[in-house]
Structures are given as C-alpha cells and as structure tokens.
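Shown next, in structure tokens, is the structure this report addresses.
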Amino acid sequence: MHPRNPYNEPLDFADLARRYPPLRPHVFINHTGSSTINFKSLPAQRRLTEALFHLDYGLSLTLPDDRLCPPVPNRLNYVLWLQDIVKSTCVSDTVRGLDIGTGASAIYPLLACRIQPTWNFIATDIDGRSVQFAQQNITQNSMESRIIVQHVPADGAILQPLLASSMNFDFTMCNPPFYSSAEDVSRSAEFKELGPNAVCSGAEVEMITPGGETSFVARIFSESLQLTTKCRWYTSMLGKMSSIPDIVSLFREHSVDNYAITEFVQGRTRRWAIGWSFQDARLPDTFARISNPTLQNMMPPRNTLHRVFPGARSVDILAIALRNVLALIDGVSVASSAAPVASKNSSTILVHARGNTWSRAARRRRLPETVCAQEPQVLHCSIECHEPSSSYILKDDIPCEIVFTWVEGKDRSVFESFASHVSRKVTSTLQESGDVL
Ligand code: SAH
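Here is the structure:
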C-alpha cells in the first residue's frame, strides 16, 4: 500500500453505511463482531466503490452491471505513485496524462483530477460501452474540460493520442487486460481464490488481450521508442509478477536504464507497476525500486547512493566539510537555498555541474575551454547529510552519512564518479581538520 493511501486503515463499514445509505443493505456483522460486506457480491462491491467516490472524493459514479467494478484503494495506489513521479521529475504547471483503457468508470482520471487540480487527461478505450459510461461519469462530475475520452480502434497505435497531439505529455498510465485467453483467466490465482461459482463482472475485453499484459505493454514500449521524449514517463500496471522480467529485458535490450518498478499490496491482492523514460530526469530509489527479493535483479540501477563517514564528529561538521569540498570543484554550483549547514538531521543541497571537471583526466586538462568544447555532461544531484539511525544499535556509534540522489543527467558514470570524488574529498577534509574521532 502506498504510504499516503488513506485506506491504510481498515474501512469502517458501519460508518460508511450510515453516511451512504445505498450501502446499508450490504453491511453485516461478521463472526468477529466487526461490520463488513460480502466482497464476492457484485452489488455490494459496486455500492462500496460508489460510497468511497462520493464520501471521500465528492464524485458521483454510475457503473454498468456488465463491466469491472474498480476497488478505490487499489486504484489510488497507482495514482499516488504517479503523483510521486510527477512531483520529482516534472516542472510544468499543467500536467498532461494519457489513461489507456480507462474503462466504464474512468476511475484513474477522475480520482487523479480530483486530487490534483492541475492535471488533465486523454482517456481511451476500445470498448464502446465503456466509453459511453466513462463519458457519462466525466460529465456528471463536470470534468469535461479536463478529461477527454476517445473511442479508439483495437488495432490502432495505442499511443496514437500522443502522436496526434501538438503538446508533450507528462505520463501515460494503463491497467491493461492481464490475460491472454479464457484458460489463462481460469489458471490465475485470483480466479481460483474466488471459487468456481464466483461471479466476475469483467467483460472479456477488460480481462483478455492477445498475448496478455506482457504483449500489451511491449506494444506500448515499442511505440514509445518512436515517440521518446514526447512523454516524460510511460507507465503500466501489471497483474502478474512474472511479466516483469519480460518487460525489463526489453528495456535492457534497448539500453533504457531510466526505469522504475513498484509494488502495490492491498489485502491479499498484489499488483506491480512499471515505468520508463527517455528523458534525463531521474527518480529517487524510493519511487523506482522495491525490496521484493524475487525481483532484485530486475531493479533499475540505483539513483540514490549512501556514503558513510564513521568518524565524523557531527552531522553539522560533515555538512560544512561537504560545502567546502563543493566550493572547490570547478563548474559546480550549489543551486538550492537550503540551510547552509545541516538542520537537526538533514539538509538538502541541490548541485548543478556543467561537466565532469573532477575526474583525473579532466583535472589534467584544466582548461575550461576544453570542458566546454566537449559537450558537457550536465549533472543535477541532490545531496543530504544525515544521521542514519535504523541500522546502528549503539547510539554513540552512529555514523553520519551523505546521501547523493541523481536528479538529472544522461550519463550514470558522471553521477557515480561525482559521488565518489566528493566522498573522498570530504574524508580527507575531515581528516586534515581533525574533525574525525
Ligand atoms: N482502467 C480501468 C479499466 C481497466 S480494464 C480500471 O482500472 O478499472 C482494461 C481496459 O482496457 C478495458 O476497458 C478495455 O476495453 C481496454 N482496452 C483493451 N485494449 C485496449 C487498447 N488497445 N486501447 C485502449 N483500451 C484498451
């Protein structure tokens, strides 16, 4: 579950039913004495989604009986992850997104536009019935000026709306049909869990696509190779963990190293989302990597590097040494107005380097002209000094650390060599000044 997801706490169904009467007939007290609903009942699921839309987002929703009923907490996880990505890598005032396969509810654009007043969407679907309901839901919430629904052909380019637009996009999102066939659906763990008599309101077009989700996302990826920076982040949800290696191999085959993997856990349901970008803005590891051990060799390279300084007397002394070191590197400017020394636990410094001037080769050249003539590799990096606490048991022994986060740049080796150079120099500065224990 995303840390900002308000549904981290169990729902109070009795309270929801009090505030949203149509839910009342579906709420009962279970054997443990708590109020609940029957999650296998489609009308109960629908009333719950409508209740959360209405009570928590002031949105009214009309859901047809023969299409999927989206659970709000799960869909919100994806929106919140996109919010993280947009906040850390986009600068524009107006944010443009494409929701591929919006469904009858248009749940992603409606939730996202409600939470983010500057976001706008194009929402597509190949299913006429879903498009009709999506349009109705958008109109009844007066979102027509911010969400444009397009009925698209199944055999057309999935990213056609980007091609057709004169504007650039900030992200694409998609909850694709997961399965490749009816047999694939019945083999799935979720279907088995529901039991043989369980009803599922998902229409075939919502659940099944040729080749399953891997092929669908591979299609988006191959189209994105043509569109590249027309969109900042291309993303998709995945319903099967086993799809991740296939998608990551495509990234690797095409040398796309700016990608992200995340995981959404909601009760017993587990989902993944994957994103990739052809732009130079990088994501911190907290948004781009997860600790799931099965997926470790699928993870993108680290954009967040921790360097420990065991002997540094205090975080303030470390921050001063860092400032002094940065001031001495040619072509490096400290861009942020953050506090000059560390506040209690940390301070962030935003550094811009106009090229690699710190490597031995660059220092030997020494001539700024040479650096400029050589296509400077611009590096933006945020640097934080702080005291890690979790991994060290002895309070007196807490080493201060510097955390380098790659914010923007083309060449990973420039970021890595910058972090190593600064760390080495900080160590020697601390030793020379006697500020180490
Ligand atoms: N976004 C909704 C619906 C997801 S179901 C939700 O999260 O609840 C997947 C949707 O993708 C279906 O509505 C299906 O009609 C649509 N779809 C399938 N192939 C598509 C394509 N090529 N382009 C756009 N939408 C497509």
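Using the working numbering, the first residue of the sequence shown is number 93, and each one after it goes up by one. Where is the CB? At the ideal position from N, CA and C, for every residue including glycine. Bear in mind the structure is a predicted one, so any value in this text is a computation, not a measurement.
1) Cys464 to Pro163, Cα distance in whole Å?
2) Output the distance between the C-alpha atoms of Thr386 and Thr327, rounded to the nearest integer angstrom.
3) Between the C-alpha atoms of Asp377 and Glu508, what's the straight-line distance to the nearest angstrom?
4) According to DSSP, which residues form a beta bridge with Ile353?
5) Taking 6 Å as the limit between beta carbons, can you name the residues of its chain near Ala373, skipping five residues before and five after?
6) With a threshold of 7 Å on Cβ separation, who are the neighbours of Gly367 within its own chain once the five nearest residues in sequence on each side are excluded?
7) For Gly526, does the count of other Cβ atoms within 10 angstroms reach 16, so buried, or fall short, so exposed?
8) When you compare each of Phe225, Cys473, Ala419 and Thr128 to Cys161 by their alpha carbons, which one comes out closest?
9) With respect to the beta strand (DSSP E) encompassing Arg324, which residues constitute its N-terminal and C-terminal limits?
10) By DSSP, does Asn437 sit in helix, in strand, or in coil?
11) State the Cα-Cα distance for the pair Ile230 and Ala196, rounded to the nearest angstrom.
12) Given 7 Å as the limit, tell me if Arg362 has its C-beta closer than that to any heavy atom belonging to the ligand SAH.
13) What are the start and end residues of each continuous alpha helix (DSSP H) run of 4 or more residues lying completely inside the segment 242–288, in chain order?
14) Beta strand (DSSP E) containing Cys161: first to last residue?
15) Which residue marks the beginning of the beta strand (DSSP E) containing Phe507, and which one marks its end?
16) What's the C-alpha gap between Thr321 and Lys132?
17) Touching or not, the segment 100–119 and the segment 182–189, by the rule of three or more beta carbon pairs under 8 Å?
18) Relative to the ligand SAH, is the shortest distance from any of its heavy atoms to the C-beta of Arg167 smaller than 7 Å?
19) Given that a residue counts as buried once 16 or more other Cβ atoms are within 10 Å of its Cβ, and exposed if not, what is Gln232?
20) Any chance the CB of Asp577 is under 7 Å from a heavy atom of the ligand SAH?
21) Name, in chain order, the residues that DSSP records as bridge partners for Ile129.
A quick look at the data gives this:
1) Because Cys464 carries a pLDDT of 46, less than 50, the predicted location of this residue cannot be relied on, and the following value inherits that uncertainty. For Cys464 and Pro163, the distance between alpha carbons rounds to 54 Å.
2) Rounded to whole angstroms, the gap between the alpha carbons of Thr386 and Thr327 is 21 Å.
3) The C-alpha of Asp377 lies about 15 Å from the C-alpha of Glu508.
4) Paired residues: Ile366.
5) Excluding sequence positions up to five before and after Ala373, its CB lies within less than 6 Å of the CB of Thr181 and Glu500, all in the same chain and listed in chain order.
6) So the list reads Ile177, Trp325, Tyr326, Thr327, Tyr351 and Ala352, once near-sequence residues are dropped.
7) For Gly526, the number of other beta carbons within 10 angstroms of its own is below 16, and it is reported as exposed.
8) Looking from the CA of Cys161, the closest CA among Phe225, Cys473, Ala419 and Thr128 belongs to Phe225.
9) Cys323 to Leu330 is the extent of the beta strand (DSSP E) around Arg324.
10) Confidence at Asn437 is low in this model, with a pLDDT of 49, below 50, so its placement is unreliable and no value can be given for it.
11) Each residue's Cα considered, the two are about 10 Å apart.
12) It does not: the Cβ of Arg362 is nowhere closer than 7 Å to a heavy atom of the ligand SAH.
13) Runs found: 252–256, 274–279 and 281–286.
14) Annotation: Cys161 is outside any beta strand (DSSP E) and is labelled neither H nor E by DSSP.
15) Per DSSP, Phe507 belongs to no beta strand (DSSP E); it is in the alpha helix (DSSP H), Arg504 to Ser525.
16) Straight-line spacing of the CA atoms in Thr321 and Lys132 works out to 43 Å.
17) Counting Cβ pairs under 8 Å, fewer than three are found: no touch.
18) Here the distance from the Cβ of Arg167 to the nearest heavy atom of the ligand SAH is below 7 Å.
19) With fewer than 16 other beta carbons inside 10 angstroms of its own, Gln232 counts as exposed.
20) Summary: the structure shown does not reach residue 577, with the chain confined to residues 93 through 529, and so no result is reported for it.
21) As DSSP reads the structure, Ile129 sits in no beta bridge.
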